[in-house]
Amino acid sequence: MIVLQCINISKSFGVDPILTNIKLDIQTGERVALVGRNGAGKSTLLKIIAGQLSYDSGQVMMPKGTELGYLAQNTGLESELSIWEEMLTVFAPLRKMEKQIRNMEQQMSDPDLLASQSRYEKLLKEYDQLQLTFKDNGGYQYEADIRGVLSGMNFADFDYNTKISTLSGGQKTRLALAKLLLTKPDLLILDEPTNHLDIATLTWLEQYLINYRGAILIVSHDRYFLDKIVTEVVEISRTKSTKFTGNYSSYLEEKAKRYELELKQYEKQQDEVAKLEDFIQRNIARASTTKRAQSRRKQLDRMTLLDRPAGSEKSASFSFTIERQSGNEVLRTTDLHVAYGEETIFQSLDLAIDRGESVALIGPNGAGKSTLLKALMKNVPIKNGTIRFGSNVTVGYYDQEQANLKSNKLVLHELWDDHSLLPEKEIRTVLGNFLFSGDDVLKPVSTLSGGEKARLALAKLMIKKANLLILDEPTNHLDLDAKEILENALIDYPGTLLFVSHDRYFLNRLATRMAELVDGEITNYLGDYDYYVEKKDEMKQRELLIQQEKGQTISSSLESNQADKRSYEQDKEAKKAERQRLRRIEEIESQIDTLESTLAQKEDDLCDPSIYSDHEKAQTLQTEIDEAKQTIETLMEEWEQLQE
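In terms of the UniProt record's numbering, the sequence shown opens at residue 1 and continues consecutively.
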């Protein structure tokens, strides 16, 4: 079933067209990624679909009753309620239904109602229907759903009575996403949902969205995430949309193939046109060949000329170089202790980095990764320990918060003031490589978008020519194309890298060592992100094996003989368990049949005037009916589990 249709949507800001004749169809169960450069109009289209922004022409169509859930970029949950109270608001209709059920149960024990058979039967029918609706809508599991989603969004260790107003911006953003996931809309629209998520939370969100029953429309710059999630990609480029089937990697391959094919078709037609024009020019004036020339001219007039296929849009172009090489030992920290007030972030922390290494610092949110980088740059004080840089080390630092890019300077002067000996032409060339051209260099820094500030910060980093780059979330705010260019530049960088990133694709391409910071300690894994995941899984399996071995008391001399016996015993136990399962299923089915017959009889008895006019008898009978229903429900749940 189609849950969304966008037909020829167009939108302009002033005289500048942002979207032109955009077409988009989404069916139930589809997971669609919207991709394109920063400023291409992705978020604008999402806002139009969500009804938050008007459009100039076209149609947005959704079937009646379709529920739409939209999470804008960096949306934080603002509320004076506690975490638990706010999550419960999602289930207000269910909770209201629950109160109605309890009120009905009280009414059914009212002697006055029991005296009227018709009123009682009507209430009983309404009660049964409401209970069924309550169950079908998840009335018996909504609290478990809340706990599951909060745990997945990294709130498992939180006191759920914590006021939301006391949380950080990143925590509020995660809560906003958690609340939206609990609503389970028919169409889930997410604009950069991976911001502020650590790797563990990202992995959980991926699995949740893969199994999501509704449709998903998503904007994300996380390529690893898109490859796992999406089944379709819609690219917005030069104000128009193009649809591709498959995940993000498939989209890149298909896009390249389409461009090559379209270019060949264009070039083939151009050759044909040139030949026709040449023939016409040579033969139009001759009496003997003029008719053939006129025929060729008609043929040329009838042709639908192809436009030359548009290649990729203009990209940033840069590389990182160094002024001089550092010594072999680049960085050493010993017994490092950092605290905020009385709260210790980490202590006794050791880190060693040598020349040429590319070290990724990973760990859960709040582990102290950014704090460690700030401590290395002396942006936060240390309580104890030493930080020592090697000989000839020059440091370039990229701050994810871009705290040093809030000035009112012009873009040109932000860069030129730090390198005043360089000619203006060279500064403008550097800025041009980062897509700041023409009047863009005369914009105040404070008015730049997140992506523009990120590019300016990278320009400042590049021109410094440091031989140690310390990068805190360098891919934040960059579009997919800019990320790839940054990766290629850093892969060719001849210096040393220490960086924090949650972008797993970026980690795989750059890291030669994963340094995991957990509970104030660093554990090193000599490889990329996939290697780290593999080793973590191996370690988990080894721990499980060790625990199993601890529980075994078999002597080594009897081990080989006992192995066959264990296998026989396990097989025997498995067969025994299967027989017990089948026997239990039969027992449950028999019990349910008996209980349903008894329940039907009791409900008939309750309609007997001699019983329902007797308050005590009626109440006793009603209690027995409720108990029978509860027993049947419990048995049905057990039956379903055994069948699975």
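Glycine is no exception: its CB is placed at the ideal position from the N, C-alpha and C atoms.
The structure presented is a predicted model; accordingly, all values stated were derived computationally and were not measured.
Between the C-alpha atoms of Leu-471 and Gln-570 there is a straight-line separation of about 54 Å. The shortest C-alpha to C-alpha distance from Gly-69 to any of Leu-4, Ala-285, Thr-634, Phe-13 is the one to Leu-4. Counting other Cβ atoms within 10 Å of its Cβ, Glu-192 reaches 16 or more and is therefore classed as buried. Secondary structure note for Lys-535: its alpha helix (DSSP H) is the uninterrupted segment 529-550. Every beta strand (DSSP E) of 3 residues or more that sits fully in the region 364-425 is shown, in chain order, as 384-389, 395-398. Gln-325 sits in coil when the DSSP states are folded into three classes, being neither helix nor strand. Of the other Cβ atoms in all chains shown, fewer than 16 fall within 10 Å of the Cβ of Phe-13; this residue is therefore exposed. Residue pairing for Lys-11: DSSP places it in a beta bridge opposite Leu-19. The secondary-structure analysis by DSSP pairs Ile-236 across a beta bridge with Ser-241. Each residue's CA atom was taken as its position, placing Gln-107 and Lys-602 some 19 Å apart. The closest CA to that of Leu-510, considering only Arg-147, Gly-341, Ser-295, Asn-488, is found on Asn-488. With the rule of 3 Cβ pairs closer than 8 Å, the region 205-223 counts as touching the region 16-35.
Under the three-state reduction of DSSP, Gly-451 is assigned to helix. Taking every protein chain shown into account, the CB of Gln-171 has 16 or more other CB atoms within 10 angstroms, so this residue is buried.
Within the DSSP secondary-structure output, Lys-163 pairs in a beta bridge with Ser-82. For Glu-516, the enclosing beta strand (DSSP E) begins and ends at 513-518.
Secondary structure at Val-338: strand, using DSSP grouped into helix, strand and coil. In this structure, DSSP gives Ser-358 an extended state, which the three-state scheme calls strand. When the beta-carbon positions are compared, Leu-77 and Ile-189 stay at least 7 Å from each other. Cβ atoms of Thr-394 and Leu-468 come within 8 Å of each other, at about 7 Å. CA-to-CA, the gap between Leu-45 and Lys-23 works out to about 11 Å. Counted as a single uninterrupted DSSP element, the beta strand (DSSP E) harbouring Gln-59 occupies residues 57-61. Separation of Lys-275 and Arg-297 (C-alpha to C-alpha, rounded to the nearest whole angstrom) is 11 Å.
Annotation: the region 117-180 contains the following complete segments of the alpha helix (DSSP H) (minimum length 4 residues), in chain order: 117-136, 142-152. Runs of the alpha helix (DSSP H) spanning 4 or more residues and lying entirely within the region 209-292 occur at 223-229, 248-283, in chain order. Looking at Ser-82, Gln-325, Asp-56, Ala-339, the one whose alpha-carbon comes closest to that of Gly-356 is Gln-325. Annotated three-state conformation of Pro-444 is strand, per DSSP. In this structure, Ile-2 lies away from Lys-11, with their beta-carbon atoms at least 7 Å apart. Going by DSSP, Ala-40 is part of no beta strand (DSSP E) at all; its letter is neither H nor E.
Under the three-state reduction of DSSP output, Thr-523 falls in the strand class. The beta carbon of Leu-507 lies closer than 7 Å to those of Ala-360, Ser-501, Asp-528, Tyr-529 in the same chain, with the five residues before and after it left out.
Relative to the Cα of Asn-392, the nearest Cα in the group Gln-630, Asp-354, Leu-336, Ser-610 belongs to Asp-354.
Excluding sequence positions up to five before and after Gly-450, its CB lies within less than 7 Å of the CB of His-477, all in the same chain and listed in chain order. Distance between Asp-186 and Ile-216, taken at the CA atoms: about 8 Å. Here DSSP, grouped into helix, strand and coil, assigns Ala-50 to coil.
Boundaries of the alpha helix (DSSP H) around Phe-506: 504-510.
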